[in-house]
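Enquirer: Sharing a structure with you now.
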Amino acid sequence: MFDKILSGLKTKYKDLGLSETILKVTAETLAKTVEKEEDIETAVAGVEGQMKIYQSFADQNRTLQTEITNLKKAGEGKSEEKKEEEKKETGGEEVPAWAKAIIDSNKAILEKQNQLDAEKVNKTNAEKLVSKLKELGVNESFYSLHLGKTFEKEDEIESFANSIKEAEDKYLQDTSNEKLKSKDVPLFGQTTKEGEVSPDVQALIDSKKS
5 MFDKILSGLK TKYKDLGLSE TILKVTAETL AKTVEKEEDI ETAVAGVEGQ MKIYQSFADQ
65 NRTLQTEITN LKKAGEGKSE EKKEEEKKET GGEEVPAWAK AIIDSNKAIL EKQNQLDAEK
125 VNKTNAEKLV SKLKELGVNE SFYSLHLGKT FEKEDEIESF ANSIKEAEDK YLQDTSNEKL
185 KSKDVPLFGQ TTKEGEVSPD VQALIDSKKS
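In terms of our numbering, the sequence shown opens at residue 5 and continues consecutively.
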């Protein structure tokens, strides 16, 4: 599924100039939520806004890199003494403060986007877990405490749901067994109507009289 999603991203966003790394990270994120091949196109189209944000960052970074390179070239002809003086004035920073500010801003936005992506995946996985538990017939009161659990892979959801089902079945069986043990068993295993004495009990009473 990952390869097909990656191919779809490359085709749809080929004109944005995005790096292979960004496309792969996005494909990995989508692969965690897309289950069917027919849903790939919709999923790929759904990240268009995100892809344009990445394009904006990439353009800014390229511009910054060009300006930094030009600054370095301009300084190559200066004397060593002049360079040392400028370093002292700027605190020894090779990258201009304004450039660092933009880079830091981009990093913060990317981190926020990655956090939102992770939350989206966790929400989708939580919905899949509930769906699977309902399919298995697990009572909601038995699994409600586990709804905050996160998963890395699709098969982890099914495996966890099955383990919850097994735990519930065992609990119900154990509870049923305890209830059976606590019930009064009639003497000699005979059942009687209310107010009557079983034949076995009556025979025992009669034998005591003789």
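Built from N, CA and C at the ideal position, the CB exists for glycine as well.
Quick check on DSSP: helix, strand or coil for K16?
Expert: The sequence position of residue 16 within the sequence shown is 12, counting from 1. DSSP places K16 in helix when its eight states are reduced to three.
Enquirer: Residues in its own chain within less than 7 Å of S167 by CB, not counting five upstream and five downstream?
Expert: Stepping through the sequence shown from its first residue, residue 167 is reached at position 163. Around S167: no qualifying Cβ.
Enquirer: In angstroms with no decimal places, state the Cα-to-Cα distance between Q64 and A130.
Expert: Reading the sequence shown from its first residue, position 60 is the one you call residue 64. Reading the sequence shown from its first residue, position 126 is the one you call residue 130. Whole-angstrom Cα-Cα distance: 37 Å.
Enquirer: Let me make sure I understand the geometry here. Which of V38, K56, T46 has the alpha-carbon closest to that of G21?
Expert: To locate residue 21, count along the sequence shown from 1; it is residue 17. Comparing Cα positions, the closest option is K56.
Enquirer: Using 10 angstroms around the beta-carbon of T67, count the other beta-carbons present and answer buried if the total reaches 16, otherwise exposed.
Expert: For this step, residue 67 is matched to residue 63 along the sequence shown. Exposed: under 16 other Cβ atoms inside 10 Å.
Enquirer: Considering Cα atoms alone, identify which of K157, F155, K138 is closest to S148.
Expert: Start at 1 with the first residue of the sequence shown, and residue 148 comes out as number 144. Minimum Cα distance to S148 is reached at K138.
Enquirer: To the nearest angstrom, how far is the alpha carbon of L176 from that of K169?
Expert: By one-based count along the sequence shown, residue 176 stands at place 172. By one-based count along the sequence shown, residue 169 stands at place 165. If you take the alpha carbons of L176 and K169, they lie about 11 Å apart.
Enquirer: My output table needs one value for T70: the three-state DSSP class, helix, strand or coil.
Expert: Within the sequence shown, residue 70 is the residue found at index 66, counting from 1. Of the three classes helix, strand and coil, the one that applies to T70 here is helix, per DSSP.
Enquirer: Between the beta-carbon of F146 and the beta-carbon of E182, is there less than 8 Å?
Expert: Walking along the sequence shown from the start, residue 146 turns up at place 142. Walking along the sequence shown from the start, residue 182 turns up at place 178. It is not a contact, given that the beta carbons lie outside the stated cut-off.
Enquirer: What does a CB cutoff of less than 7 Å around M5 pick up in its chain, not counting 5 residues either side in sequence?
Expert: Counted from its first residue, the sequence shown places residue 5 at position 1. Result list for M5: A35, V38, in chain order.
Enquirer: Determine the burial state of A112: buried for a count of at least 16 other Cβ atoms within 10 Å of its Cβ, exposed for fewer.
Expert: Here the question's residue 112 lines up with position 108 in the sequence shown. It is exposed - the Cβ of A112 has fewer than 16 other Cβ atoms within 10 Å.
Enquirer: Shorter than 7 Å, the distance from the beta carbon of L27 to the closest heavy atom of the ligand COA, or not?
Expert: Ligands are entirely absent from the displayed structure, and the ligand COA is therefore not among its contents.
Enquirer: Given that a residue counts as buried once 16 or more other Cβ atoms are within 10 Å of its Cβ, and exposed if not, what is T30?
Expert: By one-based count along the sequence shown, residue 30 stands at place 26. The residue in question, T30, is buried, as its Cβ has 16 or more Cβ neighbours within 10 Å.
Enquirer: Just to check my reading of the structure: A47 and I9 have Cβ atoms closer than 8 Å, yes? What is that Cβ distance to the nearest angstrom?
Expert: Position 43 of the sequence shown holds residue 47. Position 5 of the sequence shown holds residue 9. Right, their Cβ atoms sit about 7 Å apart.
Enquirer: Would you kindly work out how many angstroms separate the C-alpha atoms of L191 and D178, rounded to a whole number?
Expert: Reading the sequence shown from its first residue, position 187 is the one you call residue 191. Reading the sequence shown from its first residue, position 174 is the one you call residue 178. Below a pLDDT of 50, predicted positions are generally treated as unreliable, and L191, at 48, falls in that range; no measurement from the model is reported.
Enquirer: Looking at I161 and L133, is the spacing between their C-beta atoms short of 8 Å?
Expert: The residue given as residue 133 occupies position 129 in the sequence shown. The residue given as residue 161 occupies position 157 in the sequence shown. A contact, by the Cβ cut-off of 8 Å.
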